[in-house]
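Beneath this line is the structure, given in structure tokens, with notes to follow.
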Ligand SMILES: NC(=O)c1ccc[n+]([C@@H]2O[C@H](COP(=O)([O-])OP(=O)(O)OC[C@H]3O[C@@H](n4cnc5c(N)ncnc54)[C@H](OP(=O)(O)O)[C@@H]3O)[C@@H](O)[C@H]2O)c1
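Numbering (the numbering used here), first residue to last: 353 to 751.
Next up, the structure:
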């Protein structure tokens, strides 16, 4: 029985993780659940799985949760400190990092530090502090298993082979809803249009990231750290059908691709069951009908965010943390109709080029870079006329 601590249990990934748990009740026990403010969904999860520890974003949400479900025998916590307690609980064998954004950084880092295996969906944490996280995992022997479908595909294609045998990692990308939209109309893109992803159903922040292709940029950075391959050997390939989840070209010219249905339960189950493979209650590919697969290069002029991600890797130090913070601030502003779509890449670029990016030697260096970049991004948006601080906006990261 594997004890799971699930961060972000109420989200799109979190609920799919619990579907896998339900499909294999003899293999998993839910030790802890951490969520933000969706107390209705969390109450159902607590009633069903009776975890030992639960954490929510704040005291208000905890009060509401207590009115919805019996919390006797359940340790309750709030905030980032609460998430850390969930992630590092003594009975947890694996932490599932499925919260969205920078709020997952400290809990995920602490889980690795405590020697817990981590199934990672929360890519922002690796973008912010990839080198530090990999170093902690190497020290404690904790495994970092990707849930992102692209990285899960790369993990399977690599099958333990190191960077020396790799010519290129080829990350596939659907291209999002604006792959063919005329560039001159990008300023008129609405929230609803951007939230309509053609192939995947996901939380709002990653859906906007997919529309700007920042998601693919974050994934390039994630791949750089997870697989130790230099950025010039990580390429993005547009593949609108999302059937091939990514590919590895080896030094001998062989290309291995991983193919499966577009259902996040496939990579989630892979991460949760690794190194075993279990009979899944998920449908397979239907090859009885003709299928047309397109593969082509990305348009960097249309999607500058992808270029910004490579630039952050080139700048090094805490630049990727700054890129991530600027993106989170700009996406939140767009989702609240305070900034146009085109402000997202512009804000990121200005934040990246505005300041120097010192080395990321400690977690404090990273959280300080995150704080500074958020401030800078708000200034940039204010100049553009979109700068109110949203009530309930994420508090600065605390250690
Ligand atoms: N969805 C996908 O298919 C997919 C695929 C690959 C990678 N990912 C990555 O997985 C992560 C989660 O994505 P998602 O689509 O599942 O997002 P989502 O549906 O928006 O869920 C986000 C989760 O994070 C929690 N959360 C937000 N703020 C929090 C806070 N301050 N404290 C504690 N918990 C907080 C939310 O809690 P409440 O809802 O209770 O507030 C929710 O449980 C992201 O990093 C994303 O890039 C997602």
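Virtual Cβ for every residue (Gly too), placed ideally from N, Cα, C.
*By Cβ distance below 6 Å, which residues in the same chain neighbour residue 429 in space, the five residues on each side in sequence not counted?*
Here the set comprises 407 and 437.
*If you compare alpha carbons, which of 621, 666 and 558 is closest to residue 679?*
Here the closest residue by C-alpha is 558.
*Going straight from the alpha carbon of residue 435 to that of residue 446, what length do you get?*
Taking C-alpha positions only, residue 435 is separated from residue 446 by approximately 14 Å.
*Can you list, in chain order, the residues of its chain whose CB lies under 7 Å from that of residue 748, leaving out five sequence neighbours each side?*
Unreliable positioning characterises residue 748 in this predicted model, as indicated by a pLDDT of 47, which lies under 50. A coordinate reading is not provided.
*How is the alpha helix (DSSP H) around residue 486 delimited, first residue to last?*
Where residue 486 is concerned, the enclosing alpha helix (DSSP H) stretches over 475-492.
_Helix, strand or coil at residue 462 [DSSP, three-state]_ = Of the three classes helix, strand and coil, the one that applies to residue 462 here is helix, per DSSP.
_Given residue 576 as reference, the closest of 518, 544, 452 and 533 once Cα atoms are compared_ = Per the Cα distances, 518.
*Using a Cβ-Cβ cut-off of 7 Å (strictly less than) and excluding sequence neighbours within five positions of residue 677, which residues of its own chain qualify?*
Cβ within range, chain order: 454, 722, 725, 726 and 729.
*Determine, using beta carbons only, whether residue 364 and residue 554 come nearer to each other than 9 Å.*
With a cutoff of 9 Å on beta-carbon distance, residue 364 and residue 554 are scored as near each other.
*According to DSSP, is residue 698 helix, strand or coil?*
For residue 698, the secondary structure class from DSSP, reduced to helix, strand or coil, is helix.
*Does the separation of the CB atoms of residue 691 and residue 733 fall below 9 Å?*
Going by C-beta atoms, residue 691 is nearer than 9 Å to residue 733.
*8 Å Cβ shell around residue 476 - same chain, five flanking residues per side excluded*: In the same chain as residue 476, and ignoring 5 residues on each side of it, the C-beta atoms closer than 8 Å to its own belong to 452, 453, 454, 456, 457, 570, 676 and 680, in chain order.
*Should residue 592 go down as buried or exposed, given a rule of 16 or more other Cβ atoms within 10 Å for buried?*
With 16 or more Cβ atoms within 10 Å of its Cβ, residue 592 is classed as buried.
*Hey, would you say the C-beta of residue 604 is under 8 Å away from at least one heavy atom of ligand 1?*
No.
*Which stretch, first to last residue, makes up the beta strand (DSSP E) that contains residue 612?*
Note, residue 612: premise wrong, no beta strand (DSSP E); not H, not E.
*What is the rounded straight-line gap between the Cα of residue 602 and the Cα of residue 514?*
Here the alpha carbon of residue 602 sits roughly 10 Å from the alpha carbon of residue 514.
*If you count every other CB in all the chains shown that lies within 10 Å of the CB of residue 599, and 16 or more means buried, which is it?*
Buried: at least 16 other Cβ atoms inside 10 Å.
*Hey, residue 424 and residue 389: beta-carbon distance below 9 Å or not?*
Not in contact: residue 424 and residue 389 (Cβ atoms no closer than 9 Å).
_Measuring only from the beta carbon, is residue 570 closer than 8 Å to any heavy atom that is part of ligand 1?_
At least one heavy atom of ligand 1 is nearer than 8 Å to the Cβ of residue 570, so yes.
*Counting only runs that start and end within the segment 561-595, where is the beta strand (DSSP E) found for 3 or more residues in a row?*
Within the segment 561-595, complete beta strand (DSSP E) segments of at least 3 residues are found at 586-590, given in chain order.
*Classification of residue 368 by the beta-carbon crowding that lies within 10 angstroms, buried from 16 upward*: By the neighbour-count rule (16 or more Cβ atoms within 10 Å), residue 368 is buried.
*With burial defined as no fewer than 16 other Cβ atoms inside 10 Å of the residue's Cβ, what is the status of residue 741: buried or exposed?*
Caution applies to residue 741, whose pLDDT of 46 falls short of 50 and renders its modelled position unreliable; the value that the coordinates give is listed next. Under the 10 Å beta carbon count, residue 741 is surrounded by fewer than 16 other beta carbons and is classified as exposed.
*If we ignore side chains and look at the alpha-carbon of each, how far apart do residue 500 and residue 473 end up?*
Whole-angstrom Cα-Cα distance: 6 Å.
_Member of 650, 706, 583 and 494 whose CA lies at the smallest distance from the CA of residue 448_ = With distances taken between Cα atoms, residue 448 lies closest to 494.
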